[in-house]
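**Q** Residue numbers (the working numbering): 34 to 304.
Even for Gly, the Cβ is constructed at its ideal location relative to N, Cα and C.
On a predicted model such as this, the values are computed, not experimentally measured, just so you know.
(1) Thinking C-beta only, is residue 67 closer than 8 Å to residue 126?
(2) In terms of residue numbering, what span does the alpha helix (DSSP H) encompassing residue 73 cover?
(3) List in chain order: all unbroken alpha helix (DSSP H) runs of 4+ residues lying wholly within the stretch 50-113.
(4) Under a three-way DSSP split, which group does residue 230 fall into?
(5) Please list the terminal residues of the continuous beta strand (DSSP E) segment that includes residue 292.
(6) For my contact list, residue 234 and residue 151 are in at a C-beta cut-off of 8 Å; report their separation, rounded to the angstrom.
(7) Please classify residue 149: does DSSP put it in a helix, a strand, or coil?
(8) So the candidates are 112, 113, 137 and 102; which of them puts its Cα closest to the Cα of residue 119?
(9) Straight-line CA distance for residue 261 to residue 282?
(10) Around the Cβ of residue 109, are there at least 16 other Cβ atoms within 10 angstroms (buried) or fewer (exposed)?
(11) Please report the distance separating the alpha-carbon of residue 53 from that of residue 287.
(12) What number of angstroms, rounded off, separates the C-alpha of residue 293 from the C-alpha of residue 174?
(13) Pull up the distance between the alpha-carbon of residue 35 and that of residue 251, whole angstroms please.
(14) Is the Cβ-Cβ distance between residue 139 and residue 122 less than 8 Å?
(15) Between the C-alpha atoms of residue 135 and residue 72, what's the straight-line distance to the nearest angstrom?
(16) Let's see if you can read the secondary structure: which residues bound the beta strand (DSSP E) around residue 246?
(17) For the beta strand (DSSP E) that contains residue 215, what are its first and last residues?
(18) Mind the definition here: the stretch 222-233 touches the stretch 253-260 only if three or more C-beta pairs lie below 8 Å; say whether that holds.
(19) Among 91, 75, 64 and 80, which residue has its Cα nearest to the Cα of residue 279?
(20) Three-state secondary structure (DSSP) at residue 278?
(21) Ignoring anything shorter than 4 residues, give me the alpha helix (DSSP H) runs that lie fully in the stretch 149-200, in order along the chain.
(22) What three-state label does DSSP hand residue 135 in the structure shown?
(23) Output the distance between the C-alpha atoms of residue 191 and residue 59, rounded to the nearest integer angstrom.
(24) Taking 8 Å as the cut-off, decide whether the C-beta atoms of residue 113 and residue 133 are in contact.
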């Protein structure tokens, strides 16, 4: 049964980034969004370090990451794994649309690819109707069917009101025949442009979702293979060209991942 409050006892901290700078930790993050379907330059994240942590940015002069497949969508993303087949093949992660072929082959990197555990982040969203921010886990997809997604949170600027917001969470199959689409938007009485923590407790039985350590939703199914993190900000095609709105910044205080171990030392609560 899902808990009302998040309990980190029995968990061991495995992955943590508090984004203290001055450089991005390349042992933890790949700052390119699905580069196998684009190229490293177009897929490269724009970011800076601030007193609040990391700001993932969309800037006025930023080009769409994949015009052929995603139109004018612009994105800055950090991910914890990547791989692809050879140039021209269909082997690669996250087939978000039909007809994808590798345009830049990628060497395999598995920086952080947990098989279960607690994944969480403390972030501040963007109240811009052209933007969306998210933290997902996607299957590493070395086997094509290992392709599902766990959405820890996704927040569209168009879903943010005065002290309220709708926050998306759940699972998507993306080609995994064992996973059924189970996704919902939770109404929160909160200003999500301020910092809040979003957590997913992933077990063999399902995934429980929490906001600020408070239980908000659950799904009773679970991918059973390694997954990587995808932390991102999007700007959709048709956004206002007004330079006064740029850069658009998704603020990230920290990201953490925990694993379960027999007789572990209890994990510390989030701060």
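**A** Considering the structure as presented:
(1) Here residue 126 is taken as the residue at index 93 of the chain shown, counted from 1. Here residue 67 is taken as the residue at index 34 of the chain shown, counted from 1. Cβ distance < 8 Å, so residue 126 and residue 67 count as in contact.
(2) The residue labelled residue 73 in the question sits at position 40 within the chain shown. Residues 73-76.
(3) 73-76 and 100-103
(4) Working through the chain shown from its first residue, we reach residue 230 at position 197. Strand.
(5) The count along the chain shown starts at 1 and reaches residue 292 at position 259. 281-293 is the extent of the beta strand (DSSP E) around residue 292.
(6) Indexing the chain shown from 1 puts residue 234 at position 201. Indexing the chain shown from 1 puts residue 151 at position 118. The pair is a contact, with the Cβ atoms about 5 Å apart (cut-off 8 Å).
(7) Along the chain shown, one-based indexing puts residue 149 at 116. Three-state result, residue 149: coil.
(8) For the purposes of this step, residue 119 is taken as the residue at position 86 of the chain shown. Residue 119 has its Cα closest to that of 137, out of 112, 113, 137 and 102.
(9) Taking the first residue of the chain shown as 1, we reach residue 261 at position 228. Taking the first residue of the chain shown as 1, we reach residue 282 at position 249. Using only the alpha carbons, I get a separation of about 23 Å.
(10) In the chain shown, residue 109 corresponds to position 76, counting from 1. That one is buried.
(11) Here residue 53 refers to the residue found at position 20 when the chain shown is read from its first residue. Here residue 287 refers to the residue found at position 254 when the chain shown is read from its first residue. One alpha carbon belongs to residue 53, the other to residue 287, and they sit about 9 Å apart.
(12) As a first step, residue 293 must be located in the chain shown, where it is residue number 260. As a first step, residue 174 must be located in the chain shown, where it is residue number 141. Using only the alpha carbons, I get a separation of about 23 Å.
(13) For this step, residue 35 is matched to residue 2 along the chain shown. For this step, residue 251 is matched to residue 218 along the chain shown. Per-residue confidence for residue 35 stands at a pLDDT of 46, beneath the threshold of 50, marking its modelled position as unreliable; the derived number appears in the next sentence. Going by the C-alpha atoms only, they are around 7 Å apart.
(14) Against the chain shown, residue 139 aligns to sequence position 106. Against the chain shown, residue 122 aligns to sequence position 89. Contact flag unset, no.
(15) Along the chain shown, read from residue 1 onward, the residue named residue 135 stands at position 102. Along the chain shown, read from residue 1 onward, the residue named residue 72 stands at position 39. Their Cα atoms are separated by approximately 9 Å.
(16) On the chain shown, residue 246 is found 213 positions in, with the first residue counted as 1. Run containing residue 246: none; DSSP gives neither H nor E here.
(17) On the chain shown, residue 215 is found 182 positions in, with the first residue counted as 1. Where residue 215 is concerned, the enclosing beta strand (DSSP E) stretches over 215-221.
(18) no
(19) Reading the chain shown from its first residue, position 246 is the one you call residue 279. Closest option to residue 279, Cα to Cα, is 91.
(20) Your numbering for residue 278 matches position 245 in the chain shown. It is helical.
(21) none
(22) For this step, residue 135 is matched to residue 102 along the chain shown. Reduced to three states, the DSSP call for residue 135 is coil.
(23) Within the chain shown, numbered from 1, the residue matching residue 191 stands at position 158. Within the chain shown, numbered from 1, the residue matching residue 59 stands at position 26. Inter-residue distance for residue 191 and residue 59 is about 33 Å (C-alpha atoms, whole angstroms).
(24) Working through the chain shown from its first residue, we reach residue 113 at position 80. Working through the chain shown from its first residue, we reach residue 133 at position 100. Between residue 113 and residue 133, the C-beta spacing is not below 8 Å.
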